[in-house]
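Shown next, in structure tokens, is the structure this report addresses.
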Amino acid sequence: MSIHSVLSDIESDSSLSIAQAFVALVARYFAATRDGSGRVSTPLTADDLALRFGEPLPRGGRDIEAVIARLERDVLPDCNRLTHPRSMGHQVSAPLPVAVWTEALTAAVNQSGAVWEMSPVGTVIEAQVVRWMCDLAGFGPDAGGTFTSGGTEATFAGLLAARQAAIPDAWKRGVGANPPVVVCGEHAHYGVARTIGELGLGTDNASVIPSKAFKMDVEALRRELDRLSREGRMVMAVVATAGTTATGSFDDLESIGRLCEERGVWLHVDGAHGASALLSPDHSHRLAGIHRARSIAWDPHKMMLMPLTASVVLVRDEADLEAAFSQRAPYLFHAGAGARSWDQGLRSFTCSRRIDAFKVWVALQRHGADGLGALYDHLCANARLMHAAVVAHPEFAALHEPESNILCFRYVGREAMAEERLDALNLRMREEYNRSGTGWITTTMLGGRRVLRVTLMNPRTTSADLERTLADLAEIGRARS
Ligand SMILES: Cc1ncc(COP(=O)(O)O)c(C=O)c1O
Numbered sequence: 043m044s045i046h047s048v049l050s051d052i053e054s055d056s057s058l059s060i061a062q063a064f065v066a067l068v069a070r071y072f073a074a075t076r077d078g079s080g081r082v083s084t085p086l087t088a089d090d091l092a093l094r095f096g097e098p099l100p101r102g103g104r105d106i107e108a109v110i111a112r113l114e115r116d117v118l119p120d121c122n123r124l125t126h127p128r129s130m131g132h133q134v135s136a137p138l139p140v141a142v143w144t145e146a147l148t149a150a151v152n153q154s155g156a157v158w159e160m161s162p163v164g165t166v167i168e169a170q171v172v173r174w175m176c177d178l179a180g181f182g183p184d185a186g187g188t189f190t191s192g193g194t195e196a197t198f199a200g201l202l203a204a205r206q207a208a209i210p211d212a213w214k215r216g217v218g219a220n221p222p223v224v225v226c227g228e229h230a231h232y233g234v235a236r237t238i239g240e241l242g243l244g245t246d247n248a249s250v251i252p253s254k255a256f257k258m259d260v261e262a263l264r265r266e267l268d269r270l271s272r273e274g275r276m277v278m279a280v281v282a283t284a285g286t287t288a289t290g291s292f293d294d295l296e297s298i299g300r301l302c303e304e305r306g307v308w309l310h311v312d313g314a315h316g317a318s319a320l321l322s323p324d325h326s327h328r329l330a331g332i333h334r335a336r337s338i339a340w341d342p343h344k345m346m347l348m349p350l351t352a353s354v355v356l357v358r359d360e361a362d363l364e365a366a367f368s369q370r371a372p373y374l375f376h377a378g379a380g381a382r383s384w385d386q387g388l389r390s391f392t393c394s395r396r397i398d399a400f401k402v403w404v405a406l407q408r409h410g411a412d413g414l415g416a417l418y419d420h421l422c423a424n425a426r427l428m429h430a431a432v433v434a435h436p437e438f439a440a441l442h443e444p445e446s447n448i449l450c451f452r453y454v455g456r457e458a459m460a461e462e463r464l465d466a467l468n469l470r471m472r473e474e475y476n477r478s479g480t481g482w483i484t485t486t487m488l489g490g491r492r493v494l495r496v497t498l499m500n501p502r503t504t505s506a507d508l509e510r511t512l513a514d515l516a517e518i519g520r521a522r523s
């Protein structure tokens, strides 16, 4: 193949008409999914799809029109349709269109956020977005943070900073024979246990606090901190969750924060799901006390409806994050003595990194913090509507009051059934319902029992969609009982 033809393809692909063809494809996708027509998910198996894509490496290129046509024919129809109003699955958003369009810009300018010289505007916008988020969390002028690949990495970074504070020479010498303990609630995201393993602390050094009404039991936490202190164990951090994965519940950050301050313990708040409540006048009270945290994980790609990925770790003192990643790389980082560096690579796990802050900044310009807060409220109001519908339905049991946009419930039928049989039935209902294509929900275990779970991440979902989801599930439940 001649380089001339590749060069000419690159230039013609940069043209307005090709750009419009791509954008038109996405707009058609939006149109075909957001009105609720069509399937929510594919009926095909992974093997079916692998057959479609199992082909020899394309050696020669194709016309751009053929590539776009193939995207429309072979890719889009079998993607899960998160903008469909009955898509109620995991904590992945029906993304804001303005943020979707910004993705093309982010890729086009391709600024690497590790160092200011590679991203003069991007690093500054990232710092500004981080500053706004620190302000919302009630952090002072020393605070800072960085974008991460997700809540899992944000919690990793927060706890790495906690490790550095607890064992300042851990970077060089490791954590020693008696590593400190990390305390978290029983409903903490699995990323916490993973981090404990990754940091070399050993998962045996995780202490798990039971819940009351799906929130960390603060008295049990106090007793555990007392016990660890009597045993002479160092506590590296307490991890509280603001918006648990299973039920969207909020730990009592005020009480936990005060307790941590009393004991001089680092508090990390995993607000990957729920920290966006800070945007909402109606829900921000659930985060009262968050300013007592030393570090916070917050995912705009969840409740700020950003497309994947946009996540942030915030620290009350930016120096903690810099200490955590203390790297020397003279070919890359050129901070002047004493001056704050704009190089985010100093505070971040990754080297090459996208400026995910662009789309968050654009969404804030377009909708304002109040607009995003109103969306947060709307999604939570939908969870309340669903809860009311579950309570009113004789064949379902409500399991908790929703504190955010996540709701778990269980099909119990009209006749008494053994719990084990209901476990199997609920699992089967979810599988059959999702396969039907009319909607998409998830399932989890609560208190040892299999339950159904919805996460309302799409502002287009209406009360009629919620009612229909329950009705369709009940029909399957009756048929399989
Ligand atoms: C409470 C909580 N923390 C962390 C995460 C992980 O976030 P991410 O998938 O962005 O890594 C999740 C995701 O579901 C979550 O619910």
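Sequential numbering from 43 applies to the sequence shown in the numbering used here. C-beta: ideal position from N, C-alpha, C; glycine also. The structure displayed is predicted, hence computed values, not measured ones.
Cβ neighbours of residue i in the same chain (closer than 7 Å, five flanking residues each side left out)
{"i": "residue 456", "result": "436, 437"}
{"i": "residue 145", "result": "349, 401"}
{"i": "residue 303", "result": "334"}
{"i": "residue 84", "result": "120"}
{"i": "residue 431", "result": "508, 509, 512"}
{"i": "residue 445", "result": "290, 291, 292, 328"}
{"i": "residue 63", "result": "110"}
{"i": "residue 239", "result": "245"}
{"i": "residue 153", "result": "160, 161, 164, 397"}
According to DSSP, residues forming a beta bridge with residue i
{"i": "residue 356", "result": "187, 338"}
{"i": "residue 279", "result": "224, 308"}
{"i": "residue 486", "result": "493"}
{"i": "residue 313", "result": "340"}
{"i": "residue 249", "result": "225"}
{"i": "residue 449", "result": "496"}
{"i": "residue 319", "result": "DSSP lists no partner for residue 319."}
{"i": "residue 284", "result": "292"}
{"i": "residue 440", "result": "451"}
{"i": "residue 254", "result": "257"}
{"i": "residue 59", "result": "Paired residue(s): none; residue 59 is not in a bridge."}
{"i": "residue 44", "result": "Residue 44 is not bridged to any residue."}
{"i": "residue 129", "result": "482"}
Distance cut-off 7 Å: residue i Cβ against heavy atoms of ligand 1
{"i": "residue 287", "result": "yes"}
{"i": "residue 116", "result": "no"}
{"i": "residue 310", "result": "no"}
{"i": "residue 314", "result": "yes"}
{"i": "residue 341", "result": "yes"}
{"i": "residue 283", "result": "yes"}
{"i": "residue 325", "result": "no"}
{"i": "residue 231", "result": "yes"}
{"i": "residue 133", "result": "yes"}
{"i": "residue 446", "result": "no"}
{"i": "residue 182", "result": "no"}
{"i": "residue 392", "result": "no"}
{"i": "residue 194", "result": "yes"}
{"i": "residue 129", "result": "no"}
{"i": "residue 291", "result": "no"}
{"i": "residue 353", "result": "yes"}
Closest Cα partner of residue i within the set the options
{"i": "residue 281", "options": "328, 183, 232, 135", "result": "232"}
{"i": "residue 181", "options": "482, 472, 356, 445", "result": "356"}
{"i": "residue 210", "options": "313, 278, 447, 73", "result": "278"}
{"i": "residue 399", "options": "432, 413, 351", "result": "351"}
{"i": "residue 322", "options": "168, 218, 411", "result": "411"}
{"i": "residue 170", "options": "354, 503, 514, 489", "result": "354"}
{"i": "residue 60", "options": "107, 87, 97, 90", "result": "107"}
{"i": "residue 381", "options": "392, 390, 361, 73", "result": "361"}
{"i": "residue 70", "options": "473, 123, 47", "result": "123"}
{"i": "residue 333", "options": "173, 442, 178", "result": "178"}
{"i": "residue 50", "options": "81, 89, 105, 305", "result": "105"}
{"i": "residue 478", "options": "498, 518, 468, 461", "result": "518"}
{"i": "residue 289", "options": "299, 183, 488", "result": "488"}
{"i": "residue 189", "options": "133, 364, 95, 389", "result": "389"}
{"i": "residue 56", "options": "91, 125, 150", "result": "150"}
{"i": "residue 248", "options": "256, 235, 195", "result": "235"}
{"i": "residue 367", "options": "44, 212, 135", "result": "212"}
Residues near residue i by beta carbon distance below 6 Å, same chain, minus five either side
{"i": "residue 314", "result": "193, 339, 341"}
{"i": "residue 501", "result": "417, 420"}
{"i": "residue 523", "result": "455"}
{"i": "residue 516", "result": "437"}
{"i": "residue 408", "result": "140"}
Spatial neighbours of residue i in its chain, beta-carbon cut-off 8 Å, leaving aside the 5 residues before and after
{"i": "residue 310", "result": "197, 200, 201, 204, 279, 280, 281, 282, 335, 336, 337, 338, 339"}
{"i": "residue 128", "result": "78, 82, 480, 481, 482, 503, 507, 510, 511"}
{"i": "residue 469", "result": "485, 492"}
{"i": "residue 425", "result": "290, 444, 446, 447, 448, 449, 496, 498"}
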